[in-house]
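Protein chains in written order, with our numbering: chain A, -4 to 341; chain B, -4 to 341. Ideal Cβ placement from N, Cα and C applies to all residues, glycine included.
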Ligand code: HEC
Ligand code: HEC
Ligand code: HEC
Ligand code: HEC
Ligand SMILES: [Ca+2]
Ligand SMILES: [Ca+2]
């Protein structure tokens, strides 16, 4: 029998809208999206000319790097795992701790972050972009009103516009809630019901499974672990990073985290803000225990994982961007100012 | 006046053929090219899951990384600069020292090279590919005869097939030698003549400007510097790397290098095997002095550089590949076995 019972039916199941929210001051245009895509793929936005946004958020794959933590300039690792950029446009706040209130605000961060793209300052970034002749016409076309269009705000607007195209509607789940009852397997439909009955939907609600759609920037935060004291606290180092507290310094924000999307979740292993849960099965077990104080059976885990797999979308086909190039000279510094060690020899 | 004089006319100027040579045992098929493209973009072919072929040979740009030396696993640098993969299919031997006699032979190198992609062994590579369910149907489609199609030879064949599509015919130069005399500017046409008169064509001949088209694997090698003793030897460290000699250990091969293509050369700064010449102007000056013992005037350099710019092709539009993904688990190792240092803190 395929179908869900009253309890899951009662749940408001929403399909993903065809468009994410678009801020009034950054309407989508073809020119901005194209420029944003080029910038997203341009490794010259990093100190050594080696890392682009796409290095850690591979949109040819799951929009992340499938690593516990990313590798930035100088082989540096941070403490957080890269979330997917697919459907990030549906989240009302960005980053695990929600510290950026829009994709525009987010996009300015990684470029100058020393353990991500490592550019010394926004000025260095702009200097580079201005030294690539092909960027000026692209920025002009994307920002026709701007007298000096190559600036950090426009860069962020263009990247955010591109990211707003990175959405995956029409998953089996979406087709199912729109009425196609054959879109889910029996196990997936059962898992959907278990997901609702266990209470996962208390937090992972709405079309994006990241909480109620709220005003841009507001974010939807929950304590993790809500039920501290389980074996998972140590097993997965759950208490090391204080989450939102580290941003606001408010005691009430200790271990508060933004509720993340579950769309394409089966493709974005490993899991949790620190990437310590290696499989989706583990992540579901951890959630049931730490967030709902429930011990779930292996069969329940399998069913919920099957359901979560139905949130995997068809990724839209994309054309490769072409990067504007410089003629006769590279703008990537020849001498590596930060290189402290001699090259490895093997 | 636009046109070339008898001396340049006498030179055999060849346009780029529409197809590079295809080896008899690896005919092009759509399925192989598509698989090869996916592999070329798959960072899971590297130890940390962070570097793909495209990281150092960015086909959204000039097919290289515009760096003096590339950055591999563990922030490692080698002593050689990454050549472009655009039109590499027209070279009869691969690498600066010609040590790989085909694109197939070349493709097996970087994946297990500890300072490039750093995979422990071919077995580790195959294990990874086999753990990604989506690869088996792709390899089966590309190699219908193979009973166990996921192997290093087929990987190399697929990547080589993709690389044979990375060609840029129909440059201004090509249109010019096919009869469209308006395809070059006056300065470019003058530079073409200077290029021939100086004797650059003694080495950079043929459709690919990398010497006579010879049998696959044969390579076309020349001494660099041919005229040692100029100030450039020290300025650009020209005598440090012994080139082909380091491969064959033959004294007669000391400082022999494969003659590289000049197609798209204006886009592949910095220059020379060690990337020490930062501008194309410098590279031309060095060549004239070290290869022909000629002191060229700044005007001659400008003209030759203008001509070389006419070798820049229109890059074919490409669709982004979609990487086959794993469900519920990442195949990139969670713990980094080679990480000796603690993460940088800033
Ligand atoms: C070196 C790796 C790396 C690079 C390069 C990088 N990111 Fe990220 N990204 C991360 C990590 C790690 C996080 C999570 C950080 C956190 O939450 O504290 C993140 C978070 C994000 C988020 C928030 C998603 C969410 O659901 O909260 C977006 C959007 C994003 N990055 C886009 C970009 C863009 C655009 C660029 C390029 C301008 C970029 N990233 C470059 C690693 C990287
Ligand atoms: C009380 C709120 C709450 C409840 C209930 C809850 N979650 Fe979560 N969930 C979160 C938060 C917050 C995170 C982010 C955890 C972190 O920072 O690592 C999260 C993370 C996850 C992740 C990992 C996301 C990623 O990208 O790594 C999965 C999978 C998940 N939840 C599934 C579930 C399932 C299944 C249930 C029910 C069994 C559930 N959640 C119940 C709040 C909740
Ligand atoms: C970490 C950087 C890096 C990665 C990753 C890398 N390469 Fe290279 N590649 C280089 C360098 C450096 C050279 C020149 C080495 C030499 O000549 O000794 C090179 C040479 C080549 C050449 C020879 C071109 C010519 O004109 O001689 C080809 C073709 C090539 N690489 C293709 C690939 C493929 C295919 C992959 C992935 C399987 C790959 N590369 C991965 C850096 C890299
Ligand atoms: C005697 C042979 C010979 C002659 C003559 C010669 N070249 Fe070269 N050229 C080479 C070799 C060999 C290399 C590779 C040098 C290296 O290993 O760094 C090279 C490299 C180059 C490069 C750099 C390629 C790159 O990708 O970095 C340029 C540009 C170039 N030549 C242009 C010229 C010009 C212009 C002339 C005439 C003024 C000329 N060459 C004359 C053999 C020659
Ligand atoms: Ca993840
Ligand atoms: Ca170069």
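The alpha helix (DSSP H) enclosing residue i, as first and last residue numbers
i, result
"residue 320/A", "That residue, residue 320/A, is in no alpha helix (DSSP H); it is neither H nor E in DSSP."
"residue 217/A", "Careful: residue 217/A lies outside any alpha helix (DSSP H), inside the beta strand (DSSP E) at 216 to 218."
"residue 130/B", "130 to 137"
"residue 124/B", "117 to 125"
"residue 106/A", "98 to 107"
"residue 36/B", "25 to 36"
"residue 307/A", "Premise fails: residue 307/A is in no alpha helix (DSSP H) and is neither H nor E."
"residue 190/A", "181 to 193"
"residue 167/B", "167 to 172"
"residue 154/B", "147 to 158"
"residue 227/A", "227 to 230"
"residue 277/A", "275 to 287"
Burial state of residue i, where buried means 16 or more other Cβ atoms lie within 10 Å
i, result
"residue 342/A", "Residue 342/A lies beyond the residue range present for chain A, which begins at -4 and ends at 341; the question has no answer from this structure."
"residue 64/B", "buried"
"residue 126/B", "exposed"
"residue 111/A", "buried"
"residue 58/B", "buried"
"residue 118/B", "exposed"
"residue 309/A", "exposed"
"residue 330/B", "exposed"
"residue 232/B", "exposed"
"residue 1/A", "Note that residue 1/A scores 43 on pLDDT, short of 50, meaning its location in the model is unreliable and no value can be drawn from it."
"residue 181/A", "exposed"
"residue 354/A", "No answer is possible for residue 354/A: the residues shown for chain A start at -4 and end at 341."
"residue 188/B", "buried"
"residue 140/A", "exposed"
"residue 246/A", "exposed"
Cβ-based neighbour list, residue i, same chain, cut-off 7 Å, excluding 5 preceding and 5 following
i, result
"residue 104/A", "95"
"residue 134/B", "30, 144, 145, 149"
"residue 398/A", "Outside the displayed span of chain A (-4 to 341) sits residue 398/A, for which this structure offers no information."
"residue 116/B", "107"
"residue 99/A", "21, 151, 152, 155"
"residue 206/A", "198, 200, 215, 254"
Contacting residues, own chain, Cβ-Cβ under 6 Å from residue i (five flanking each side not counted)
i, result
"residue 248/A", "239, 240"
"residue 73/B", "64, 110"
"residue 214/B", "87, 88, 93, 253"
"residue 222/B", "285, 288"
"residue 190/B", "299, 302"
"residue 124/A", "130, 145"
"residue 337/A", "Reliability of the predicted coordinates at residue 337/A is poor, the pLDDT of 38 falling under 50, and no value is obtained from them."
"residue 67/B", "110, 111"
"residue 36/B", "47, 49, 316"
"residue 172/B", "8, 10"
"residue 28/B", "156, 157, 160"
Residue i, enclosing beta strand (DSSP E) - first and last residue
i, result
"residue 253/A", "251 to 253"
Contact set for residue i: own chain, Cβ-Cβ below 8 Å, skip 5 residues either direction
i, result
"residue 279/A", "291, 296, 299, 300, 303"
"residue 225/B", "284, 285"
"residue 263/B", "57, 58, 59, 61, 78, 79"
"residue 202/B", "9, 10, 11, 12, 85, 208"
"residue 259/A", "57, 58, 79, 81, 82, 163, 306, 307, 308"
heavy atom of ligand 8 below 8 Å from residue i C-beta
i, result
"residue 67/B", "Of the ligands this structure carries, namely ligand 1, ligand 2, ligand 3, ligand 4, ligand 5 and ligand 6, none is ligand 8."
Quick test of the definition: if touching needs 3 or more C-beta pairs under 8 Å, does the region 35 to 50 of chain A touch the region 213 to 220 of chain A?
no
What are the residues in the region 251 to 280 of chain A lying within 7 Å of chain B by C-beta distance?
261, 262, 264, 265, 273, 274, 275, 276
Indicate whether the contact test is met: 3 or more Cβ pairs, each with one atom in the region 62 to 82 of chain A and one in the region 159 to 178 of chain A, closer than 8 Å.
yes
Three Cβ pairs or more, each shorter than 8 Å: is that satisfied between the region 260 to 279 of chain A and the region 175 to 186 of chain A?
no
Going along the chain, which residues of the region 53 to 71 of chain B sit with their C-beta nearer than 9 Å to a C-beta in chain A?
53, 54, 55, 56, 57, 60, 61, 62, 63, 64, 65, 66, 67, 68, 69, 70, 71
Given a limit of 9 Å on CB to CB distance, which residues of the region 81 to 102 of chain B reach chain A?
none
Could you list the residues in the region 29 to 45 of chain A with a C-beta less than 9 Å from some C-beta on chain B, going in chain order?
Residues 33, 36, 37, 38, 39, 43, 44, 45.
Taking any Cβ of chain A, which residues in the region 217 to 242 of chain B have a Cβ under 7 Å from it, in chain order?
none
The region 295 to 320 of chain A: which residues have C-beta closer than 7 Å to a C-beta of chain B, in chain order?
300, 304, 310, 312, 313, 314, 315, 316, 317, 318, 320
Can you list, in chain order, the residues of the region 165 to 190 of chain B whose Cβ is nearer than 7 Å to any Cβ on chain A?
none
Contacting positions in the region 113 to 139 of chain B - beta carbon closer than 9 Å to chain A
Against chain A - using a Cβ distance shorter than 9 Å - the region 113 to 139 of chain B contributes no residues.
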